[in-house]
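Student: Under this note's numbering, think of the first position of the sequence shown as 111, with each following residue one higher. We treat Cβ as the ideally placed atom computed from N, Cα and C, and that holds for glycine.
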Amino acid sequence: MEFEHKPVLLDECLEGLNIRPQGVYVDGTLGGAGHSMEILKRLDGGELIGIDRDQDALRAATQRLNALNQAHGAGLHILRGNFHDVRALLSSVGIEKIDGMLLDLGVSSYQLDARERGFSYHADAPLDMRMDQSQPLTAREIVNTWDAQEIARILRDYGEEKWAVQIARVIEDRRKLRPIETTGDLVDIIDASIPRKFRAKDGSHPARRSFQALRIAVNDELAPLEAALEDIVDLLKPGGRLCVIAFHSLEDRIVKNCFKRLQNPCTCPPRLPVCVCGKKPVIRLINRKPITAGEEELKQNPRARSATLRVAEKLEEDS
Numbered sequence: 111m112e113f114e115h116k117p118v119l120l121d122e123c124l125e126g127l128n129i130r131p132q133g134v135y136v137d138g139t140l141g142g143a144g145h146s147m148e149i150l151k152r153l154d155g156g157e158l159i160g161i162d163r164d165q166d167a168l169r170a171a172t173q174r175l176n177a178l179n180q181a182h183g184a185g186l187h188i189l190r191g192n193f194h195d196v197r198a199l200l201s202s203v204g205i206e207k208i209d210g211m212l213l214d215l216g217v218s219s220y221q222l223d224a225r226e227r228g229f230s231y232h233a234d235a236p237l238d239m240r241m242d243q244s245q246p247l248t249a250r251e252i253v254n255t256w257d258a259q260e261i262a263r264i265l266r267d268y269g270e271e272k273w274a275v276q277i278a279r280v281i282e283d284r285r286k287l288r289p290i291e292t293t294g295d296l297v298d299i300i301d302a303s304i305p306r307k308f309r310a311k312d313g314s315h316p317a318r319r320s321f322q323a324l325r326i327a328v329n330d331e332l333a334p335l336e337a338a339l340e341d342i343v344d345l346l347k348p349g350g351r352l353c354v355i356a357f358h359s360l361e362d363r364i365v366k367n368c369f370k371r372l373q374n375p376c377t378c379p380p381r382l383p384v385c386v387c388g389k390k391p392v393i394r395l396i397n398r399k400p401i402t403a404g405e406e407e408l409k410q411n412p413r414a415r416s417a418t419l420r421v422a423e424k425l426e427e428d429s
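Pasting the structure below:
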C-alpha cells in the first residue's frame, strides 16, 4: 500500500506557522509529507526538517520531498526518530533554533488502512500497533503478558473506557485458553465484555476506545508529550510558532494545559497584589479556542472531524 497522507487542517496550519521564506521549520510527525510539502513550497533559502519514527513514512516522504525540493533548493533533513527527542535530533544536524514546528499527533491514515500494522478494529490482522516497527513492545505482548489490573488502567486512563475492568478480566480469562493473536480476537473479547444495551448511542465501534488506549500505551504517546512541548518552545526563536493538532481529548488536554502554563507561569498566591515569583510569560496563544475543520474539509476527509489545532507563539525574552 502506498503511504498517502491527507493533511488535516492544512490551510490553518500554514497560516498558524506564519512561514518566513528563509526560516527553519520542523515537521515533527512527518507521515506522508502532506503538510511538509506545502511548507517546503513556501521556503526560499530556508530549511525543513522532517521527523518520523515510521520507516514506511520516511521512505515515502523522502521520495516526495526530494522530488519537490529540486525546484526549491531548500535545506532538507529527514530524520528517523521521535519528536519527543527533538532537541537531540536537531542538534545532530547542527540546528539550534527554529522558526516553527508542526505536530500532527495520533495515527496516520496509512497506518490505519494498512491492515498488517494492526491499528484498525475493522480488519483482522496481527496485534501490532507499533509506529516504530523496530521497537520490541507490541499490543500482542500487552494483552497476553501484562497484569489484568495494568491492562484495565491503560484502558481507563488512555481510552476513557467505562468497561475497562470487565474487558481486562475477559482478556485474562481468554488468554488462559490460548494466546490473543489478532485484532479480530481482541474485538471479539471487547464485544463479549460490553453489554449491548450499554453501548454508545452514536454508532461508534465498541472497540474504538480500547484500541486507542493500547495504541497509546504501545507507542508511549502521552507521558513524554508535555516535556516535548516545553523543549520545542525553548527551541523556538522569538516570534516562532508551534502548531499542534490533537485527535482526542487526552492529547488536547495536555497541549491546552501546557500552553496555559507557559502563557501564565506565575506561581504567586492569588492574594498577592503583584507578582513576586519573577516568572514571565513564555508564549502567547494565537487562538483562544482550538481550531476545527470546516464542513468542506469534513466532506473530503471525515477523519478530520475529531481534529483540534492549537497555535502558540514564542515571546521575546524580556516580554
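#1: Checking 9 Å against the spacing of the C-beta atoms, do residue 131 and residue 156 come in under that value?
#2: Spatial neighbours of residue 332 within its chain, please: C-beta separation below 8 Å, excluding the five flanking residues on both sides.
#3: Short of 7 Å in beta carbon distance, which residues of its chain neighbour residue 315, apart from the five on each side in sequence? Order them along the chain.
#4: Going by beta-carbon coordinates alone, are residue 317 and residue 300 separated by less than 9 Å?
#5: So for residue 231, helix, strand or coil by DSSP?
#6: If you count every other CB in all the chains shown that lies within 10 Å of the CB of residue 404, and 16 or more means buried, which is it?
#7: Do residue 209 and residue 106 have their beta-carbon atoms positioned less than 9 Å apart in this structure?
#8: How many Å lie between residue 188 and residue 309 at the Cα?
#9: I'd like to check one pair, residue 338 with residue 196: are the Cβ atoms closer than 9 Å?
#10: Can you check which of these residues, 279, 241, 211 and 410, is closest to residue 224 by C-alpha distance?
#11: Taking only runs that begin and end inside the segment 154 to 242, name each unbroken alpha helix (DSSP H) of 4 or more residues, in chain order.
#12: Is residue 401 helix, strand or coil by DSSP?
#13: Can you tell me whether residue 259 is buried or exposed? The criterion is at least 16 other CB atoms within 10 Å of its CB, across all chains shown.
#14: According to DSSP, simplified to helix, strand and coil, what is residue 116?
#15: Taking DSSP as the reference, what is the three-state secondary structure of residue 347?
#16: On the DSSP letters alone, give me the boundaries of the beta strand (DSSP E) that residue 422 sits inside.
#17: DSSP puts residue 394 in a beta bridge; with which residues?
#18: What are the residues that DSSP puts in a beta bridge with residue 136?
#19: Considering only their Cβ atoms, is the gap separating residue 213 from residue 354 smaller than 9 Å?
#20: Hey, how far is the Cα of residue 111 from the Cα of residue 426?
#21: Report, in whole angstroms, the separation of the C-beta atoms of residue 248 and residue 193, which I expect to be a contact under 8 Å.
#22: Based on DSSP bridge pairs, tell me the residues matched to residue 354.
#23: Following the continuous alpha helix (DSSP H) through residue 145, name the residue where it begins and the one where it ends.
#24: Check each candidate in 394, 393, 375 and 396 and name the one with the smallest Cα separation from residue 387.
#25: Can you look up residue 292 in the DSSP assignment and give me helix, strand or coil?
#26: Is the separation between the beta-carbon of residue 421 and that of residue 346 shorter than 9 Å?
#27: Can you give the Cα-Cα distance for residue 207 and residue 303, rounded to whole angstroms?
#28: For the alpha helix (DSSP H) that residue 362 lies in, which residues bound it at each end?
#29: Give me the Cα-Cα distance between residue 379 and residue 385, rounded to the nearest whole angstrom.
#30: So the candidates are 202, 238, 175 and 253; which of them puts its Cα closest to the Cα of residue 288?
#31: Whose C-beta lies closer than 6 Å to the C-beta of residue 266 among residues of the same chain, with five residues either side of it excluded?
#32: Considering Cα atoms alone, identify which of 291, 243, 270 and 233 is closest to residue 255.
#33: May I have the straight-line CA-CA distance separating residue 369 from residue 284, to the nearest angstrom?
#34: Quick test of your reading: residue 175 and residue 150, contact by CB under 8 Å. State the CB separation rounded to the nearest angstrom.
Tutor: In short, the structure shows the following:
#1: yes
#2: 268, 326, 360, 361 and 364
#3: 231
#4: yes
#5: Coil.
#6: Under a 10 Å Cβ-count criterion, residue 404 is classified as exposed, with fewer than 16 other Cβ atoms of the shown protein chains found around its own Cβ.
#7: In this structure the chain extends from 111 to 429, so residue 106 is not present and cannot be described.
#8: 43 Å
#9: yes
#10: 241
#11: 165 to 179, 196 to 202 and 219 to 223
#12: strand
#13: Exposed, because fewer than 16 other Cβ atoms sit within 10 Å of the Cβ of residue 259.
#14: For residue 116, the three-state secondary structure derived from DSSP is coil.
#15: strand
#16: Residue 422 -> beta strand (DSSP E) spans 418 to 424.
#17: 423
#18: Beta-bridge pairing links residue 136 to 159 and 211.
#19: In this structure, residue 213 lies closer than 9 Å to residue 354 by Cβ.
#20: The predicted position of residue 111 is uncertain, since its pLDDT is 48 and thus under 50; a value taken from the coordinates is nonetheless stated next. Approximately 46 Å, taken between the alpha carbons.
#21: About 21 Å separates the two Cβ atoms, so there is no contact after all.
#22: 213 and 420
#23: Per DSSP, residue 145 belongs to the alpha helix (DSSP H) from 144 to 151.
#24: 375
#25: In this structure, residue 292 counts as strand in the three-state DSSP scheme.
#26: Not in contact: residue 421 and residue 346 (Cβ atoms no closer than 9 Å).
#27: Answer to the nearest angstrom: the Cα atoms are 50 Å apart.
#28: Its alpha helix (DSSP H) spans residues 359 to 373.
#29: 9 Å
#30: 253
#31: 274
#32: 291
#33: 43 Å
#34: Rounded, the Cβ-Cβ distance is 6 Å, consistent with contact.
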